[in-house]
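Residue numbers (my numbering): 437 to 733.
Heads up, the beta-carbon is just placed ideally off N, CA and C, and yes, glycines get one too.
Data first, discussion second: the structure below is written as structure tokens.
Pasting the structure below:
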């Protein structure tokens, strides 16, 4: 109750100070209207509002402290918004790159494949809901590093099997959920699903960011991931545009996850074993590259 009252009083002081500053500057609605509609009369009477300078200074002094604290809290809250916006931009970037080199028909095929790949978001969402409380609960335990390592290895193995399995049966899923027109989108399912899975693994590897409460480091990781997506689309030696966009997206997600992991280790080092998960991810990439989807054209 006292905390709420303190915030209410602080906001009231900010509003009062801002109003005093507005009045002191002479920018009230009436004076602004007069300045626009009757400039000669306004400037001839401007000497009559000079006393507002003192009121303006008092208002700014009253508002400066609470306003500074409010802006700081607001900026800290924008960090999470920035992460969400950049994550949403990833999908728009993929479609924009594909539309720049192909027509809208291939964009629909890619969207169908992306929809099938998004099925992996169901287990990822369930894991994310459970991972937050679990990671914080074991963070002070001597076995925290072992728990994080086992979790990361389990994710790598589980999502690897799920990704390769869905990749193999993607044509059948597209026939079931859509029509034969979108069968070509099966080529994009595996890489896109792998990108989602690698991003989820980055939450485990970068647990140090959450524990140190320095989520601002996720933003540069997301930005560099977007740049890696563009670079992958431009330079990956893949002829088919749809497949190149899908692998470029997976590359961007991988770069972002690696940077989140690195930043997390810099913020608060954890004794996590990364060799086995890296080998499992490499094995999944090789399987996606070598095994064609069953029944693909």
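- Ranges of the alpha helix (DSSP H) found wholly within the stretch 644-718, counting only runs of at least 4: 654-671 and 677-703
- How many Å lie between residue 545 and residue 560 at the Cα? 24 Å
- Item | residue 737 to residue 637 span [Cα, whole Å] | Since the displayed the chain opens at 437 and closes at 733, residue 737 lies outside it and no answer follows.
- Stretch pair the stretch 607-617 + the stretch 659-673: three plus CB contacts closer than 8 Å: no
- Item | Separation of residue 586 from residue 660, as counted between CA atoms | 28 Å
- Let me know if residue 747 comes out buried or exposed under the rule of 16 or more other beta-carbons within 10 Å of its beta-carbon. The structure shown does not extend to residue 747, since the chain is modelled only from 437 to 733, so the question has no answer here.
- Task: Go ahead and label residue 727 buried or exposed: buried means 16 or more other beta carbons lie within 10 angstroms of its beta carbon, across all protein chains shown.
- Result: exposed
- Residues near residue 668 by beta carbon distance below 7 Å, same chain, minus five either side: 683, 684, 687 and 688
- Just checking my contact of residue 646 with residue 571 at CB under 8 Å: how many whole Å lie between their CB atoms? 7 Å
- Message: Quick check: what's the CA-CA separation for residue 576 versus residue 702?
- Response: 18 Å
- Whose C-alpha, out of 635, 609 and 602, is nearest the C-alpha of residue 626? 602
- Burial state of residue 607 (16 or more Cβ within 10 Å): buried
- Kindly list the residues whose CB is nearer than 8 Å to the CB of residue 556, restricted to its own chain and excluding five residues on each side of it in sequence; keep chain order. 595, 598, 599, 602, 629, 632 and 633
- Message: Can you tell me whether residue 445 is buried or exposed? The criterion is at least 16 other CB atoms within 10 Å of its CB, across all chains shown.
- Response: Residue placement at residue 445 is poorly supported in this model, since its pLDDT is 45, which falls under 50; the coordinates are not used for a value here.
- Message: Which of the three DSSP states is assigned to residue 538 in this structure?
- Response: coil
- Coarse secondary structure for residue 727, derived from DSSP in three states: coil
- Query: Helix, strand or coil for residue 485 per DSSP?
  - Reply: Per-residue confidence for residue 485 stands at a pLDDT of 43, beneath the threshold of 50, marking its modelled position as unreliable; no derived number is given.
- Can you list, in chain order, the residues of its chain whose CB lies under 7 Å from that of residue 539, leaving out five sequence neighbours each side? none
- Query: Helix or strand or just coil, what does DSSP make of residue 607?
  - Reply: helix
- Query: Quick one: is residue 532 buried, meaning 16 or more other Cβ sit within 10 Å of its Cβ, or exposed?
  - Reply: exposed
- Query: Between the beta-carbon of residue 584 and the beta-carbon of residue 654, is there less than 7 Å?
  - Reply: no
- Message: DSSP three-state label for residue 569, please.
- Response: helix
- Taking C-beta to C-beta, are residue 621 and residue 700 nearer than 7 Å? no
- Message: So, with DSSP's three-state summary, where would you put residue 642?
- Response: coil
- Query: Would you say residue 642 and residue 691 are within 7 Å of each other, going by their C-beta atoms?
  - Reply: no
- Item | Cβ distance (whole Å) where residue 552 is taken to contact residue 609 below 8 Å | 5 Å
- Query: For residue 562, does the three-state DSSP call read helix, strand or coil?
  - Reply: helix
- Task: Taking all protein chains shown into account, decide if residue 713 is buried (16 or more other Cβ within 10 angstroms of its Cβ) or exposed.
- Result: buried
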